[in-house]
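These notes are about the structure you will find just below.
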Amino acid sequence: MFVAFRKCEEQISKSEKLLQELSRNDYVDISFYPNKNILQFLSVCSRLGEVSGTGENHETTPNPNNGVHLQDRAEHNVKMDNESLPCSLSGICDTSNSELMVTDFHKKCVKLLDEAYTVIDVLHVRASPYSVCSCLL
């Protein structure tokens, strides 16, 4: 998702440059037509998915009113050397290749962490991100 977002940003940048070039010509008219299949699909979705689990003494579908018990805890520093402010992490998500994405609300960025929780990439965004999720296509 993180890599796909980077590629989307590159495509947006190229599109903006093309639009600037085309806007110099008075005879160009550009329109956007949304994909009706996507709009139709989204209009009938009632939920994003469901949580299920199996194991000893567990229901097939976990009761959302039951608490989650933490078995282990660890703290990791994801502050970059060039950052003076402390991190304000507001969201976390794992990727399909065992990396983590975390959102830093006050610094307006998304950080990509490797399996050792080392920051391997940072994406600065225009607004403070609240959360992040992985999208399986």
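First residue of the sequence shown: 251, per the working numbering; consecutive thereafter. Backbone N, C-alpha and C define an ideal beta-carbon position, used for all residues, glycine too.
_Quick check on DSSP: helix, strand or coil for Cys-258?_
helix
*Please confirm if the stretch 333-340 is in contact with the stretch 283-297, defined as three or more CB-CB distances below 8 Å between the two stretches.*
no
*Could you give the distance in angstroms between the alpha-carbon of Gln-290 and the alpha-carbon of Tyr-283?*
14 Å
*Using DSSP with H/G/I as helix, E/B as strand and the rest coil, what is Val-369?*
strand
*Please report the residue range of the beta strand (DSSP E) in which Cys-359 lies.*
359-363
_Taking the beta carbon of Thr-247 as the centre, do at least 16 other beta carbons fall within 10 Å, making it buried, or is it exposed?_
The first residue shown for the chain is 251 and the last is 387, placing residue 247 beyond what the model contains.
*Straight-line CA distance for Gln-321 to Lys-329?*
26 Å
*For the putative contact between Ser-384 and Thr-345, defined by C-beta atoms under 8 Å, what is the C-beta separation to the nearest angstrom?*
6 Å
*How should Pro-379 be labelled, buried or exposed, when 16 other C-beta atoms within 10 angstroms of its C-beta is the threshold for buried?*
buried
*asked:* So, at 6 Å on beta carbons, what are the nonlocal neighbours of Cys-266 in its own chain, with the 5 sequence-adjacent residues on each side left out?
replied: Cys is not the amino acid found at residue 266; the sequence shown has Glu there. Shown here for Glu-266: not one same chain residue has a beta carbon closer than 6 Å to its own, the five before and five after excluded.
_Complete runs of the beta strand (DSSP E) confined to the stretch 333-357 [at least 3 residues]_ = 339-344 and 350-354
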